[in-house]
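Counting from 1 along the sequence shown, just add 106 to a position and that's the residue number in our numbering. Using N, Cα and C, we set each Cβ at its ideal position, and we do this for glycine too. Only a predicted model underlies this, so the values are computations on that prediction, with no experimental measurement involved.
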Amino acid sequence: MNDKERIEELRRLLHEHNRRYYIQNDPIISDQEFDALMNELQTLEQRHPELYDANSPTQRVGSDLNGNFEQVEHKYPMLSLSNTYNEHDVASWYDSVKRGLKGETFEICCEIKFDGLSISLIYVDGRLIRGVTRGDGIHGDDVTANVRTIRSIPLVLQPGGDYPKEFEIRGEVLMPWSVFERLNLEREKAEEPLFANPRNAASGTLKSLSSKLVASRNLDSYLYYLLGDDVPCDGHYENMQKAAEWGFKISDAMRKVGSLSEIFDYIRYWDVERKNLPVATDGIVLKVNSLRQQRILGYTAKSPRWAIAYKFKAERACTKLTDIKYQVGRTGQITPVACLDEVQISGTSVRRATLNNEDFMKKMDLHIGDYVYVEKGGEIIPKIVGVAYDKRDDNIKPATFITHCPECGSELVRYEGEAAYYCPNDSGCPPQIKGRIEHFIARKAMNIDSIGPETVDEYYRRGLISNFADLYEIKIEDINGDGNRERSARKVLNGINASKTVPFERVVFALGIRFVGETSAKLIARHFKNMDALMEATEEELKDVDGIGDVIARSVVDYFASEKNRMIVERLKKYGLQMSVVSSSEDNGSDKLAGMNIVISGVFANHTRDEYKAMIEKHGGKNVSSISSKTTFVLAGEKMGPSKLQKAESLGVKIVDEDTFLKMLM
C-alpha cells in the first residue's frame, strides 16, 4: 500500500471512529489507538501536501451534532487538546512552552480530565441563557432546556456578585458512577441495551428530546474554563476560584504549580487516587495559567499550544476466568464471552469480557481457571488482553471452542475466509429466529415501534410467530387474551398494518440478508426496481451494481436460493408490503437533477437535511458527502461548514441556497 492509499484508508477509518464516538456513542477503539491513527495521518499529510483535503479528520474536531436540536455558532471555537500518554511528551510540551514564552517565568494549572460531554454555558446578567454542546467545534447543539435540569449548574447567580455582565463558562456534563450502575441495572431488567460507560450515558441523556428524562437521570457537572471580554483575572486558576465563589461547581483537585517535577507529582498522585472519585476520569489537563501568556502561545489548526491532555493508561486488573459462555446472534454467529470473578475496573464491577472468536482464544492459550488481565481502554466494554501464565494451575485444561450450537444443538460451521463459527439452523434456532424478527421491526427497517424485543419473545413462546411474515397473520384476539389488552392489541396491529407502506428499499434491508446493510439495500433496490427481479438476479448482475462486491452479491444469491426464504417473501407480497420502487410519475419525482452530484451543508429553514437528501434522489440527483471537482453544486443553509465553503470557493463550485434549490424543482 502506497502513501496515497494509506492516507485514504486512514481518513476513512478516522471518520468512522469519529462517527461512532460522537454520533452513535459507541466507540470500538481506545483513545490511544485513535490518537495513533491520527498521528500517522498527520505525518503522512505533512509528507504529501499535494494530497490536502479540507475534509480530512486532521482538519476538524469530532462532531456530536444532532439534527433534532437547533445548531448554534460558538463565539469562541471549542477546540480539542493534543493528547500524550507518557511523561517524556509532557516534558517536551513544557519545553516548547518555555521556548514560546522566550524566558518568561510561567505557572501551570493542573486539572483532572473528567470523561463526560463538553458543554458551553452562556450567562448574561447572572442568568443562564444558553447551553451548547461542543458539536464540531464551530457549531454545537442548543440543549439549554436539558441543561436547566442539571442541579449542579446554577440557573441564576446571586445578585450583586462581581461576575461580568456577559461571560461563557465551559465544562463537562457527567453521569456519576452510582447513577450509571443503577441505570444499567434498570436497563438490564427491561432487556434494553446497556450503556458502555458513563460518558455515553451522559451524552445520550443530555441529547434526549425529553427534558423530563434528563431530569430523572441526575446528571452532574464540573466547570473548567472561563471566557469573555471582561473576565476578572489574568490567571486561569484565579478565574476558576472566582467562578466557585459565584456558585459554579469547580473541582477542588485543581492545582497551580511552577515546575515540571510538581506536574509529575500531580499526575502520579491522581493516577491512583482517581479510582476513589464519584465520576469517570481519563487523564490530566495542563494549562499555562496566564491568559496573556496563552495568547502569546496561540493555537495550531485544531488545538491550543498552551494546553495539553495527559491520558491515563487503560486500567488493568487480574482476575480468574471461571467459564466461557457462547451467545448466538441474528445471523447465527457464535460469540464467546468470558465469565470472570468479579473485579473493579474504572469504577464498575466487571464479570464478563469479550473473547472475539476461536482464533483469539487459541492465540491467548486460554485455560478455564486461568488468571487473566482485563482492560477497559477508554472505558469501553472490557476485554481480555493477557494471561498470567505464572499463576496457571498445572491441572487445568485448555479452553476449547464448542462444536454445537448452545441453543439448538446443531453442528457449527466455519465459512471460508471467516474467523467466526455459525449455527446453520437458521429456521429452528430460537435466538436467530427472534433476532431476525427484531431486525425486521427495527426503526430503520419496517419501523413497527409498537413491538419490542420482549414482545417478540412472548409471541414466539406462545407460538404466534416463528418468522417475521407471521406478524401479518396476528389477529386482535391472539393478543387480547382475557379482554383486558384490547387497546395495546389494536396499537400493535395498527403498527403492523402501517408497515405495509414502508418503501421497497427498507423492505430489502428488513429481510436481514447477511452483509446487506441499509446503504447496500438501497443500492440494490434502486438497481433492480422490484423484488421479482432481485430474487432472480445472478451474482454477476449484482456485482454490476455500483458499491456491491463479491461478498454481498454471493450472500444475496444464497439468501434467495433458500426455498424457505422465497416462501416468506411470497407471503410478504400477499400481505401487501411494498415490493417495488415507486416510479417518478407516482411520487412526483423527475429527472431535473439527473447526473448532478450535490453536497448538503448547513442548517435549513424549510426542510430537514434528510428531507433534502430524499428530494435530491427523487429528482435524479446523487448525494455526496465531500466536495470535489466533480461536485455540481453545494446546497447551503445557514452556518455552512467553513471548511466546505473554503473548498467550494477554491474549486469554483457553485453555492445554491435552499430557496433557489426549491425553485429548481418546480
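List the whole-angstrom C-beta distance separating residue i from residue j, where the pair is believed to meet the contact cut-off of C-beta under 8 Å.
i, j, result
"Val262", "Arg233", "5 Å"
"Ile733", "Lys760", "Not quite, the Cβ-Cβ distance comes to about 11 Å (not below 8 Å), so this is no contact."
"Gly364", "Glu272", "Contact flag wrong, Cβ pair sits at about 33 Å."
"Ala415", "Leu187", "4 Å"
"Ile539", "Tyr578", "Wrong, their Cβ atoms sit about 16 Å apart, outside the cutoff."
"Glu213", "Lys417", "That pair is no contact at about 23 Å."
"Val73", "Arg458", "Nothing can be reported for residue 73, as the shown portion of the chain is limited to 107 through 772."
"Ile658", "Ser626", "6 Å"
"Ser686", "Met637", "7 Å"
Based on the DSSP output, what are the partners of residue i in its beta bridges?
i, result
"Ile228", "Arg236, Glu274"
"Gly241", "According to DSSP, which records beta bridges pairwise, Gly241 is partnered with nothing at all."
"Tyr432", "Pro442"
"Asp248", "Val238"
"Phe739", "Ile704, Lys760"
"Ser455", "Gln450"
"Asn192", "Answer is none; Asn192 lacks a bridge partner."
"Ser327", "Val279"
"Phe220", "Thr387"
"Arg117", "Answer is none; Arg117 lacks a bridge partner."
"Ala413", "Lys393"
"Arg401", "In the DSSP output, where bridge partners are listed per residue, Arg401 has none listed."
"Gly492", "Tyr479"
"Gln177", "Asp247"
"Ser686", "Asn636"
In whole angstroms, what separates the C-alpha of residue i from that of residue j?
i, j, result
"Arg398", "Arg411", "13 Å"
"Leu774", "Arg236", "In the structure as shown, the chain begins at 107 and stops at 772. Residue 774 is therefore absent and cannot be evaluated."
"Val491", "Arg596", "51 Å"
"Ala548", "Ile554", "7 Å"
"Ile225", "Met184", "9 Å"
"Gly475", "Ala505", "9 Å"
"Lys736", "Asn703", "7 Å"
"Tyr718", "Ser322", "35 Å"
"Val614", "Asp765", "34 Å"
"Glu524", "Ser661", "14 Å"
"Gly310", "Ser258", "19 Å"
"Ser690", "Val385", "For Ser690, the predicted model reports a pLDDT of 44, less than 50, meaning its position is unreliable and no value from the coordinates is stated."
"Ser480", "Gly389", "Strictly speaking, residue 480 in this sequence is Val, with Ser absent from that position. C-alpha separation (whole angstroms): 19 Å."
"Lys628", "Ser136", "32 Å"
"Asn303", "Trp376", "20 Å"
"Val394", "Ile430", "50 Å"
"Phe220", "Ala643", "54 Å"
"Leu392", "Ile218", "9 Å"
"Ala92", "Glu723", "Because residue 92 is not part of the residues shown, which for the chain are 107 to 772, the question remains open."
"Leu768", "Thr738", "16 Å"
"Lys204", "Asn189", "19 Å"
"Asn192", "Ala420", "13 Å"
"Lys482", "Asn603", "44 Å"
"Ala308", "Leu325", "7 Å"
Quick one: using the 10 Å Cβ neighbour count with 16 as the cut-off for buried, is residue i buried or exposed?
i, result
"Asp447", "exposed"
"Glu755", "exposed"
"Thr211", "exposed"
"Tyr495", "exposed"
"Val434", "buried"
"Val688", "exposed"
"Ser731", "exposed"
"Gln264", "exposed"
"Ile582", "exposed"
"Arg612", "buried"
"Tyr328", "buried"
"Asp201", "exposed"
"Cys424", "exposed"
"Gln684", "buried"
"Ile72", "Residue 72 falls outside the range modelled here, since the chain spans only 107 to 772, and no answer is possible."
"Leu757", "exposed"
"Thr428", "exposed"
In chain order, what residues of the same chain lie with their CB nearer than 6 Å to the CB of residue i, ignoring the 5 residues before and after it?
i, result
"Cys339", "Asn345"
"Arg542", "Arg436, Gly618"
"Leu472", "Ala505"
"Ser162", "Arg117"
Go through its chain and collect everything with a Cβ distance to residue i's Cβ below 7 Å, but skip five positions before and after it.
i, result
"Glu111", "none"
"Ile585", "Arg591, Ala595, Val598"
"Thr255", "Ser317, Val320, Ala321"
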